[in-house]
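Position 87 of the sequence shown, counting from 1, maps to 95 under the numbering used here, and the rest follow consecutively. Heads up: the structure comes next, in structure tokens.
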Amino acid sequence: MEKFNYGIGTDNTVKVYDNQGAYNTLQEMMKRKEQLIVKFYGSKDNTRCAWIESAHVAGFKYQLKSASYQGLLNYLFKGDVTDFDTNPKEADTLDENEDFQLEILKAMIDAGKTIQYVPLFREHPESISAILPCFKGKIMFRIKRTDEPLDYLREHKQII
């Protein structure tokens, strides 16, 4: 007598994210001079990522490395359209306990960028929200509201 197979017939292999497709989509958006909305974050698989969307393209994840981060910023701040990612299938991994979004916010503050904050009394009690307007879009931030980021923002005279 044959054993009954209770499996659902799918393979449990881990799928690799199509970062090449994400990069190609980003390049097409940049060639069309679209205004991008970008949110930086650390993904579950410990990579640095950007969530990118526009008025015409639904949001998608793009895994970053240092060169692709710089290329994305060059587009946002200057409108430069270049082929900045020679191998999109590679991405940088996060260091342990690194808050990627907070580090980018700190870098923008240190660079003297003007950031607009949602007043804390209007915001959810667990987060700090901010927007950095750029020439070709904007960067959105939602940081966990703890003493470390609040102290940093106050030390650097940011209006929150």
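For every residue, glycine included, the Cβ atom is placed at its ideal position computed from N, Cα and C.
Those residues which DSSP pairs with ILE117 across a bridge:
Per DSSP, none; premise fails for ILE117.
- Should GLY67 and TRP59 be called a contact, given that it needs their Cβ atoms to be closer than 8 Å? yes
Classify PHE108 as buried or exposed, calling it buried when 16 or more other Cβ atoms lie within 10 Å of its own Cβ.
buried
Distance, Cα to Cα, PHE143 vs TYR14?
56 Å
When you compare the stretch 94 to 101 with the stretch 154 to 167, are there three or more beta-carbon pairs, one atom per stretch, that lie closer than 8 Å? no
**Request:** Have a look at SER135 and ARG150 and give me their C-alpha separation to the nearest angstrom.
**Result:** 6 Å
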